[in-house]
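These notes are about the structure you will find just below.
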Amino acid sequence: MCGIVGAIAGRQVQDILLEGLRRLEYRGYDSAGMAVLSDDGQLERRRAAGKVAALENALKEASLPGCLGIAHTRWATHGRPLERNAHPHMSGNKLAVVHNGIIENYESLKQELEAEGYAFTSDTDTEVIAHLVAREYDRCGDLLAAVEGVIARLDGAYALGVVHADEPQTLIGARKGSPLVVGVGIEEMFIGSDPLALLQVTDRFIYLEEGDIVRLTRKGAEIRNAGKAVEREITTFEHGDGAVSRGGYRHFMLKEIYEQAGVVSATLEGRLTENHVLTRSFGAAADTLFDQVDAIQIVACGTSYHAGMVARYWIEKLAGIPTQVEVASEYRYRDVVVPRNTLFVTLSQSGETADTLAALRFAQSQNKYLGTLAICNVPGSSLVRESELSLMTQAGPEIGVASTKAFTTQLVALLLLALALRHQRQGNDDVQANAVKALRHLPDVLKETLALDSAIETLSAAFAEKHHALFLGRGPQFPIALEGALKLKEISYIHAEAYPAGELKHGPLALVDSEMPVIAVAPNDELLEKLKSNLQEVRARGGELFVFADSRANISEGEGVHVMTLPQVDELVAPIIYTVPLQLLSYHVAVLKGTDVDQPRNLAKSVTVE
Ligand code: AGP
């Protein structure tokens, strides 16, 4: 996490950097800072605790003129979110560094530097990099060589931006384990944690690879890796820049919830025939590879993990392939027994989540998997580039920290995967034809579901004063309940848990009383009657029920039972539809509570640290 932006240009860079930080705020918003080299060779810095707006205010009071600079928005790992821990970090008054990632061996490096008399002014791991590079620069007099020498000593993950007052024509970038792109302008060059940060100045990018270090001048980029010069392709970003505005919505999250019908359509586009899913959508090698799959291992984090949990139900039901799902941070440290011919599938909105990426690399290093597939929303991300097969969700940039449209498009992509695997095994059949019909109808049903927004807003008042909530679902709706609970806790700070409804009587029922609202998702599926019995158990203990149900479910409103009727929908796609009211509920509860909906406390959108 943390966002990095840097620029070397023939014009003033302060506002370019500031705009870049605003666009990167989704990566962290604990504190922000900027260092700019003035035309008379002074390296000046401004920093502020809090959001980028606080830095903007500091810059209004004292601007930073100059054509070379770096800036940073922080998600705290080492050291509290105070001004003194904000980046850039400096060594003396000539060298400044911004860093995204974690330096694991910083303590021993710090001891070494302190022994030589270097004074530390922050609690961060980053400050060691500043002093190490300054020391190395004093020895060799070349900033690229100095950074190259230092990164050889760093354990952990980093993306870096470095400037030195004695090299006014140089901006250095480096990446290992954290993303960094180079933006290519006309007689000006940039670095950024992602292309979004730089779309206001260029649409041409170089995606740096693991271990790359780059020296930027206004004329171009010199890239090295493992001590050798390397060439990297320049690609044009073709997704436009419109997604970074709220477009009339009060919050990005609400805009993104409302975009779901459109982005689900986009995710289906070109991937369906009349009666089956085109396996080729997963890449040219998918036909051959899918034929050989005997097992699937899905790995992801957070919301993406919940999507994987739904996929398990779909893949086992439709394709009969045993499927395991695990959070990446656990999978990567386990002695995994890999069944023969297992396809390794990662799910990620950003494609840069450190745990998921490390899990992929761990899986590849084991050499035991049939192949790797990434289902991802960001083209060109590390996960996509490092996987053999990929399927892009077409959610477009998701800015709200709480994932919404990325989740529903992941679900669509995973249903496509389950259907493609079924097709590879048994050719066309009615199950697939019906599923294709349901998928094509999905955007319309999503629109109908979104029409419940104001009714859900009214309902949300019942939650604003509560401290706890319990979500229930059965079968593939259990992960949807988990996702509903995650949404509520991350943006409204209400403690929420989710259980498969049948598990209630094994413990959590003890928590149920009139102060614990219980939310249930009740589509018209084969587990409906079982779920209804579980809901009776809640009611019998005085629990207040909020049920999102199919009109055929025959659940009546009554004392302590609130029912919100959803459009009738095919059982297979119901998890996608039932997600939406839970997103809206969390959103409205958070608005009522006055929390920061798009940037909830302590979180960041892209989790690029372990
Ligand atoms: C959910 O709302 C969060 N944004 C979070 O759980 C997220 O899904 C997780 O960090 C994984 O991110 P990814 O999909 O970009 O890998």
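Position 55 of the sequence shown, counting from 1, maps to 55 under full-length UniProt numbering, and the rest follow consecutively. Note that CB positions come from ideal geometry on N, CA and C, so glycine has one too. Just so we're clear, the structure is a prediction, and the values are computed from it rather than from any experiment.
- Here H251 is buried. Its C-beta has 16 or more other C-beta atoms within 10 Å.
- Within the same chain, Cβ atoms closer than 8 Å to the Cβ of V13 are found at A7, V36, G66, C67, L68, G69, the five residues on either side in sequence being excluded.
- Taking the Cβ atoms as the reference, D155 lies roughly 7 Å from I103, within the contact range of under 8 Å.
- Just measuring C-alpha positions, the residue of K110, T267, Y587 sitting nearest D453 is Y587.
- In this structure, the alpha-carbon of D39 lies about 52 Å from that of A284.
- Here the C-alpha atom of F290 lies approximately 45 Å from the C-alpha atom of L459.
- Classified as buried, D194 has 16 or more neighbouring CB atoms from the shown chains inside 10 Å of its CB.
- For L416, the Cβ stays outside the 8 Å cut-off from all heavy atoms of ligand 1.
- Our two residues, R11 and A549, have alpha carbons roughly 58 Å apart in a direct line.
- Here the stretch 272-286 makes contact with the stretch 435-442; the two share three or more CB pairs at distances below 8 Å.
- Considering only I16, K405, S387, T126, the residue with the shortest C-alpha distance to T393 is K405.
- Under the DSSP assignment, D212 falls in the beta strand (DSSP E) whose first and last residues are 212-217.
- In its chain, beyond the 5 residues on either side, P195, L199, D203, F205 have a beta carbon closer than 7 Å to the beta carbon of F237.
- With contacts defined as CB atoms closer than 9 Å, L472 and N524 fail to qualify as a contacting pair.
- The alpha carbon of F344 has as its nearest neighbour, out of E326, D335, E352, H89, the alpha carbon of E326.
- Going by C-alpha positions, T126 is about 17 Å away from R27.
- Beta bridge pairing from DSSP links K228 with N225.
- Taking the C-beta atoms as reference points, K94 is found nearer than 9 Å to A165.
- Residue environment analysis places D444 among the exposed positions, since fewer than 16 neighbouring C-beta atoms fall within 10 angstroms of its C-beta.
- In the structure shown, G20 falls within a helical segment according to DSSP collapsed to helix, strand and coil.
- Residue environment: K219 is assigned as exposed (fewer than 16 neighbouring CB atoms within 10 Å of its CB, all protein chains considered).
- Looking from the CA of M90, the closest CA among L113, Y106, E44 belongs to E44.
- C-alpha of E526 to C-alpha of R422: approximately 21 Å in a straight line.
- Bridge pairing for Q297: Q324, F344 [DSSP].
- Ligand 1 never approaches T235 closely enough for any of its heavy atoms to be under 8 Å from the residue's Cβ.
- The beta strand (DSSP E) runs of length 3 or more contained entirely in the stretch 449-525 are, from start to end of the chain, 468-473, 495-500, 518-522.
- When secondary structure is reduced to three states using DSSP, V597 falls in the coil class, being assigned neither helix nor strand.
- Note that the C-beta distance between G192 and G3 is below 9 Å.
- Rounded to the nearest whole angstrom, the CA to CA distance from T595 to I491 is 7 Å.
- Just measuring C-alpha positions, the residue of R361, E316, E210, R246 sitting nearest A420 is E316.
- The nearest non-hydrogen atom of ligand 1 is less than 8 Å from the C-beta of E352.
- Secondary structure note for H306: it is in no beta strand (DSSP E), and the uninterrupted alpha helix (DSSP H) holding it is 302-319.
- Here Y137 has L95, L143, A146, H164, D166 as same chain residues with Cβ atoms under 8 Å from its own Cβ, once five neighbours each way along the sequence are excluded.
- Its chain contains V327 as the residues whose beta carbon lies nearer than 6 Å to that of Y305, once the 5 sequence neighbours on both sides are disregarded; these appear in chain order.
- Placement of the Cβ of Q297 at a distance of 8 Å or more from every heavy atom of ligand 1 is found.
- If you compare the alpha carbons of I213, S365, K176, A53 with that of H72, the shortest gap goes to A53.
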